[in-house]
Amino acid sequence: MSVIPLSWPNLEDDDIQAVVEVLRSGRLSFGARQTQFEQLVSQRAQCAHGIAVSNATAALHLVLLALGIGPGDEVITTPFSRIATANAILYVGAKPIFVDIDPVSLNMDPKQIESAITPRTKAVLGGEIFGNPIHIEKIAQIAGANDLPLIEDATEALGGMYLNKPTGSFGRVGIFGFHASKQVTTGEGGVIVTDDERLAELVRTLRNHGRPDWVPSGYIHTSHELVPTLRHDRLGYNYRLGEMSAALGVAQMDRLDTILDRRRHIAESYMRRLIDFNELILPTISDQYAEGMSWFAFIIRLANDYGSSERDRIIAGMSRHEVGTAAYYPCIHLQRFYRDQFGYQPGDFPIAESISNRTIALPFHTRLDATALDLIVQTLKVMLQREQLLRQ
Ligand SMILES: *Cc1c(COP(=O)(O)O)cnc(C)c1O
60 MSVIPLSWPN LEDDDIQAVV EVLRSGRLSF GARQTQFEQL VSQRAQCAHG IAVSNATAAL
120 HLVLLALGIG PGDEVITTPF SRIATANAIL YVGAKPIFVD IDPVSLNMDP KQIESAITPR
180 TKAVLGGEIF GNPIHIEKIA QIAGANDLPL IEDATEALGG MYLNKPTGSF GRVGIFGFHA
240 SKQVTTGEGG VIVTDDERLA ELVRTLRNHG RPDWVPSGYI HTSHELVPTL RHDRLGYNYR
300 LGEMSAALGV AQMDRLDTIL DRRRHIAESY MRRLIDFNEL ILPTISDQYA EGMSWFAFII
360 RLANDYGSSE RDRIIAGMSR HEVGTAAYYP CIHLQRFYRD QFGYQPGDFP IAESISNRTI
420 ALPFHTRLDA TALDLIVQTL KVMLQREQLL RQ
């Protein structure tokens, strides 16, 4: 492992205590922690309902199912995201229709969405990549104007505020992720937030084998005597989140603002240190929104005239010096099975591709102090000079 890892969870004694208490209680599934975690996340997003599931990909899958999307349907989405975003569309047998991204926000270009709509379009799926909320309101507006639900993939934007609205609340339904690399974590986990009561009910039963969402108060573990209803109204899944994970989520949500402040501070420190690196493009977040930004990652990119070979050599060099970096993200449409299945080719989404070839995710987590930041920036400087990207 690198001396300075790319990401690291923020874990404290309170987290450990919270998980141990669950173990002592003996109630490991469907208990008070799940409800509490769901409430904390949905309140933060100012949504009426929160449904916890095993991970954010499962959340996306269930939401697509609950919206009745299936074979023959199209879902407009971004090629510049984690592959999970588009994979969930394939899980239900629908077709992802990619649209190119905006070079500033790195989110779907709102202007491209309208022209991608066909009679088969059933939803728009996308959100705040790297936590950047710019354009989400326009995306929501276009979806709304065309009577399409927006599934807001807010997996990278927990706790963010934009135009006086919390991230996750711009669409019909919002998705948060709690993988260890996210701002706060449950190890693995996801939460669906929505004001749509019927959608919430449906998702609740789908995560638990299609069972009516009711748990008797004396329930300790799954013994048939204690669970009088094993009625399965529809084909469901097991996408439940356990109590240990939910307890970790509750403890983490209690520190959300502290964690987000710390991340914002680290992002600002990077900005200050990198501002004079002329051949680098730094994350764009206008002052107006900086306060409400939930930073997921710190992504720089090489200027337009450079490409993936320079970028890849820099990443390899950083890694030789034990500084964890990554190329966030490879374009989804150029992944082998998307090319094979849908015939995508390089050049199909030129902006996403050009940006994807030049990005470098720098280490970003709450353990980074000034010394670590200096070391990272110094190492980056040496690598850029080696590529003759820094002219003094
Ligand atoms: C993390 C992430 C996901 C998937 O989350 P999992 O919990 O790993 O399934 C989906 N979309 C985006 C944009 C993500 O960052």
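For the sequence shown, this note's numbering assigns the number 60 to the initial residue and increments by one for each residue that follows. Beta carbons: idealized from backbone N, C-alpha and C, even for Gly. Just so you know, these numbers come straight off a predicted model, no measurement behind them.
- Unbroken beta strand (DSSP E) stretches of 3 residues or longer found wholly inside the stretch 354-419: 357-361, given in chain order.
- Between the stretch 233-249 and the stretch 303-323, the count of C-beta pairs closer than 8 Å reaches three or more; the two stretches touch.
- With 16 or more neighbouring CB atoms inside 10 Å of its own CB, residue 215 falls in the buried class.
- According to DSSP, residue 221 shares a beta bridge with 224.
- Around ligand 1, the residues selected by a Cβ distance under 6 Å to any of its heavy atoms are 114, 115, 116, 140, 141, 143, 144, 212, 214, 215, 236, 238, 249, following chain order.
- When beta bridges are read from the DSSP output, residue 211 appears opposite 185, 233.
- Counting along the chain, no beta strand (DSSP E) covers residue 438; the unbroken alpha helix (DSSP H) around it starts and ends at 429-445.
- Residue pairing by DSSP places residue 88 opposite 301 in a beta bridge.
- Boundaries of the beta strand (DSSP E) harbouring residue 133: 133-136, taken from the DSSP string.
- With 16 or more other Cβ atoms inside 10 Å of its own Cβ, residue 262 counts as buried.
- Residue nearest to residue 420 within the set 181, 358, 150, 342 is 358 (criterion: CA-CA distance).
- The Cβ-Cβ distance between residue 208 and residue 182 falls below 8 Å.
- Boundaries of the beta strand (DSSP E) harbouring residue 108: 108-112, taken from the DSSP string.
- Annotated three-state conformation of residue 253 is strand, per DSSP.
- Residues 299, 301, 302 of the same chain have their beta carbon placed closer than 7 Å to that of residue 88, with the five preceding and five following residues left out of the count.
- Per DSSP, residue 197 is one residue of the alpha helix (DSSP H) stretching across 195-204.
- Residue 160 is bridged by DSSP to 167.
- At least 8 Å separates the beta-carbon of residue 252 from that of residue 356.
- The distance from the Cβ of residue 126 to that of residue 112 is about 16 Å, inconsistent with a contact at the 8 Å cut-off.
- For residue 320, the closest of 426, 405, 388 by C-alpha to C-alpha distance is 426.
- For residue 291, there is no enclosing alpha helix (DSSP H), as DSSP marks it with neither H nor E.
- Residue nearest to residue 129 within the set 344, 99, 180, 350 is 180 (criterion: CA-CA distance).
- Put simply, the backbone Cα of residue 269 is about 18 Å away from that of residue 109.
- Secondary structure note for residue 317: its alpha helix (DSSP H) is the uninterrupted segment 315-333.
- The three-state secondary structure of residue 337, taken from DSSP, is coil.
- Annotation: the continuous alpha helix (DSSP H) that includes residue 120 extends over 115-125.
- If you draw a 10 Å sphere on the C-beta of residue 205, you find fewer than 16 other C-beta atoms in it, and that means exposed.
- Look at residue 146 here: in three-state DSSP terms it is helix.
- Looking at the backbone, the Cα of residue 367 and that of residue 416 are separated by about 5 Å.
- Residue 267 is not a Cβ neighbour of residue 249, given a cutoff of 8 Å.
- Non-local beta-carbon contacts of residue 152 in its own chain, meaning distances under 7 Å to residues more than five positions away in sequence, involve 129, 130 in chain order.
- The way I'd put it, the stretch 189-198 does touch the stretch 226-233; three or more beta-carbon pairs between them come closer than 8 Å.
- Only residues of its own chain outside the window of five on either side were considered, and among them 269 have a CB closer than 6 Å to the CB of residue 292, listed in chain order.
- Residue pairing by DSSP places residue 154 opposite 133 in a beta bridge.
- 8 Å or more divides the Cβ of residue 148 from the Cβ of residue 165.
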